[in-house]
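Here it is, written out as structure tokens:
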């Protein structure tokens, strides 16, 4: 996720202090990992250098936290361009799991066990997310759903692979 | 050139009907089977008039007209024929002994050559009986050698028992009507079947009553599998056919069922026609060749049935909107209105009303009004029933789970329920009306014989040349005879010829005479004047000591009789009459053998009254054999409490056979639609069982679901049936009396059909309730 | 596979179940156990035998061999009537679809199991309405199943499965005919209601997101079960 673009987008609704920006970011997007102050300031200084934000005012005293930032025309254009550009779908072509399964088959270990263990682990994660969804607000629910759907996709792959283990074994063994 | 769109739609429907996969075939077959059974019954009906006519013609053409008392001189074209009909184990055997007196003697129909003396020709059924172990007793009675067969033209039914035996000793026994000399067979002036208006009324009503349920049944049969069909039509809408096209396609499907049904029906009919040849119902059998449908009526059936099928389908689809994504019944059908439904039966009554009392004074009935009125009344049942079911079911309160399931289902689809029982209701209503009519008219057509069956059950006439005492002894010695009383009857007039007054003369031992009179004392040689018989005025005039009377007087235009003069003995005493062995109170002169001049004996006809020992099987057959051994011409009568008109019996037979067929047919259609409904609910039934519903609960709910509409249907049928019966009785001017026994019997039969259907649908229900129904994979 | 005795404290436990439908083997040595108040998902590809396992556990279908113990009683030894009575009073059922009686109103449908147990109509419908409130479908009481949406119908079915306060609820693909939003709502209400009533839930599903509402899952493959917890 591009933190720069996210912070720029948050500035579009009006100028903010660095501290406010961090709070807004954490509240809306940083469920798992809150931003460090340092990350905010280093990003802002990069944006300032590129002319995408400007300093709107400075409170008396020292420290970077007293600067108030505002978005520039170029900044708005940049946010617009970022939002309009579709994300590149993740191809997931390099799968550790696949490697594990093939290796197990080649070394005559139980590949089914690997898949089942993985499934249990996935489900454990899904249970945690489902639980969190139950107590959370809409934002929580959407974010958890996003993760749940990905996990579900993995699980489907696990099912499919499990159903084709025999075929796979004949294909990979010399 | 392309055929018009409507024809293409119809053919498309026809094609759908035959290419619908296994499911489609089953549906088509069920429909065809149902329609086929209906068609077969219709064809049978169209064949009945012909069959009755042929029977009547054959009966007339073999008539030997023995009721002609004019003496005929023997010639080379005369035949002496004796009526020796007998009965064997309840079955009538038509018997004739013949003696041709010359080359040109008339041959009876169906007989190739006269049997020689001691030989006989027999009907195939009689031959079969005589050859079987069960015919041994009859074999003893008919001591003739079988030399030939009577062919179809000489018989009125395939199972008729008949024979012609040859003799050379009949010439001097001519004694009309039992033994006659004839020159031809057949009635000199043949008649059409006589049409007693009341009998005609009965026949017409029987036909209407039997055919109405068949029509209702055919209407139900073309709707078999309707819900599945509706779904298929919805799929057709999805791929772009409009609603008129789907209707035509549906009509085409129904047409396919009806056409195949016609084929099936013809097959059933031909099959049934062959079977009919080997069946005998209450003494009536027919030859297959009799059952030829009247061509015009058969053609009518062939056109009307498919047309009706299409019509019914279109009518049924009227309340249904077939949309591409499914089928919708037109949103909550408007409440059924009562007034026009009531109009139908009322119109029927109005049509019958003008004919009330017409049956009495020989006035005829208007056939069209009778048929129309009865039909409207019965159609009224089918119109009223849905309304009754809807209003009653809507008011039914809560009950147990089974009851609730059934009632709720009925509330949602009371029309389906009513349609299912319509046929039974119509059949029962008609049958009740007919039973009432029969019971009421029975008095007119059934004679009370007055026989007192507790005193004697049979009467054997003693042949000429055998003494009463010997005959009585022989009968008494027969197996199965408890008591035998021998009497001899004669008749005496006041003059030798054409007497104005006459009186019975009874000859018998003192013991025998005590069976007919209360005697103060009696010794051989006594004689008595028998007084006290109601309406008797001649005895006091003629039976006076010393008066001469003439036994067996002659009458003008007939051969001369014995005319034996008899003087009433001087010691004649008075005796009071009593009910004799046959239940009548006789009058006249009683003589003990000692009081009879030797020359008078031939004027008396000996009679032996027989009291049977009922514990001996075939007691009556043994008595008949004894009589036949004494003289083949000996006549034997079996007393019965009542005697009913033959014609009446056959109509009744027709009704019973028809009602049985119709109810069986309707039962079959009930079963089919019941099973279809159950199949559609398979998934639901399984899940109900899964959460612990008792099988008993579900079975009970199925029973309620049929029993409630049936109970309502039977109730309505009883009301309409009793009304119709009362009107019909008034029409034939008989006393109106509700025959509750027959009302109960008919509703009982209707209820029995329901019970049978429910029982038969239980095994599939239990099978459907198995948890396998839950499996989706 | 070793035959171990049922885990201590389990409410319903099955061992080495075998069942064949004609030539098709549906169960080939499956084990199962569930504790009071537990939600266990039965997963596996279609045709793996999960539904058959549920039918056996619920006493709907007797297994060809193996033991099923419920609350100390052996199901295999019980008569059909006895098992039916057990299902009526101790178990609840939710299926994928086609389980509501179309002629009965929703509240009558929910009250049905109580009435089968002999409860008077009024009382049964009062209890039923309470459950319908909990599942947020009490406004449908007078409607017939044909007049409500799939999600609503399924909630009515869930209310019905809980109305007798069963100790085990068997749910066979309860969300199979629903979209994911409705499906999740039904799952949420089902597990919540079951937990608060301390009812165990046997949840047959092939959807991982539905299974995620469980405490634990077992996987059925080729008629054999694997308890994932014990495996881990």
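Chains as they are written, first to last, in the working numbering: chain A, 1 to 174; chain B, 1001 to 1777; chain C, 2001 to 2232.
C-beta: ideal position from N, C-alpha, C; glycine also.
- By the neighbour-count definition (other C-beta atoms within 10 Å, threshold 16), residue 1181 (chain B) is a buried residue.
- Across the region 2054 to 2080 of chain C, CB contacts with chain B closer than 8 Å involve 2055, 2058, 2060 and 2061, in sequence order along the chain.
- Residues of the same chain with a CB within less than 6 Å of the CB of residue 2007 (chain C), apart from the 5 flanking positions on each side, are 2033 in chain order.
- The beta carbons of residue 1121 (chain B) and residue 1115 (chain B) sit closer together than 7 Å.
- The Cβ-Cβ distance between residue 2134 (chain C) and residue 2124 (chain C) does not fall below 7 Å.
- Each residue's CA atom was taken as its position, placing residue 2147 (chain C) and residue 2140 (chain C) some 9 Å apart.
- With the rule of 3 Cβ pairs closer than 8 Å, the region 116 to 127 of chain A counts as touching the region 144 to 159 of chain A.
- Residue pairing by DSSP leaves residue 2174 (chain C) without any beta bridge partner.
- Contact check between the region 1533 to 1542 of chain B and the region 1611 to 1622 of chain B: fewer than three CB pairs, one atom from each, fall below 8 Å, which does not count as touching.
- In this structure, C:2222 is the residue among C:2211, C:2222 and C:2226 with its C-alpha nearest to the C-alpha of residue 2024 (chain C).
- Here residue 1435 (chain B) has 1725, 1739, 1742, 1743, 1745 and 1746 as same chain residues with Cβ atoms under 8 Å from its own Cβ, once five neighbours each way along the sequence are excluded.
- In the three-state DSSP reduction, residue 2134 (chain C) falls in the helix class (H, G or I).
- Proximity of chain C to residue 163 (chain A) at the Cβ level (cut-off 7 Å) is accounted for by 2045, in chain order.
- Along the length of the region 2002 to 2034 of chain C, whole beta strand (DSSP E) runs at least 3 residues long occupy 2012 to 2021 and 2024 to 2034, reported in chain order.
- Shown here, residue 25 (chain A) sits in a helix according to DSSP, grouped into three states.
- Counting along the chain, residue 109 (chain A) sits inside no beta strand (DSSP E), nor does DSSP assign it H or E at all.
- Residue 2219 (chain C) reaches chain A at 116 and 119, counting residues in chain order whose Cβ is nearer than 8 Å.
- Secondary structure of residue 1184 (chain B) (DSSP, three-state): coil.
- Residue pairing of residue 1088 (chain B) in beta bridges, as defined by DSSP: B:1091.
- The count of Cβ pairs closer than 8 Å, one atom from the region 1373 to 1390 of chain B and one from the region 2072 to 2089 of chain C, stays below three, leaving the stretches out of contact.
- Within chain C, the C-beta atoms nearer than 8 Å to that of residue 1401 (chain B) come from 2112, 2115 and 2116, in chain order.
- Collapsing the DSSP output to three states places residue 1273 (chain B) in a helix.
- Distance from residue 1309 (chain B) to residue 1255 (chain B) at the Cβ level is roughly 6 Å; contact confirmed, criterion being Cβ atoms closer than 8 Å.
- Only 1683, 1684, 1686, 1687, 1688, 1689, 1690, 1691, 1692, 1693, 1694, 1695 and 1697 from the region 1683 to 1702 of chain B bring a Cβ to less than 9 Å from some Cβ of chain C.
- According to DSSP, residue pairing for residue 1489 (chain B) in a beta bridge involves B:1506 and B:1605.
- The residue among C:2150, C:2198, C:2206 and C:2166 with its C-alpha nearest the C-alpha of residue 2185 (chain C) is C:2150.
- Taking C-beta atoms under 8 Å as the contact rule, residue 1268 (chain B) and residue 1037 (chain B) qualify, at a distance of about 6 Å.
- Between residue 1692 (chain B) and residue 1753 (chain B), the C-beta spacing is not below 7 Å.
- Residue contact with chain A for residue 2209 (chain C): present (Cβ-Cβ distance below 7 Å to some residue of chain A).
- In the assembly as shown, residue 1249 (chain B) is a buried residue. Its beta-carbon has 16 or more other beta-carbons within 10 Å.
- In the DSSP assignment, residue 2154 (chain C) falls outside any beta strand (DSSP E) and within the unbroken alpha helix (DSSP H) covering 2150 to 2162.
- Bounds of the beta strand (DSSP E) holding residue 2065 (chain C) are 2065 to 2070.
- Taking CB atoms only, residue 2141 (chain C) has no neighbour in chain B less than 7 Å away.
- Chain A has no Cβ within less than 7 Å of the Cβ of residue 2197 (chain C).
- Look at the region 1517 to 1595 of chain B and you find these whole runs of beta strand (DSSP E), each 3 residues long or longer: 1527 to 1531, 1548 to 1551, 1564 to 1567, 1573 to 1577 and 1588 to 1591.
- Using a Cβ-Cβ cut-off of 7 Å, residue 1768 (chain B) does not count as an interface residue toward chain C, since no Cβ of chain C sits closer than that to its own.
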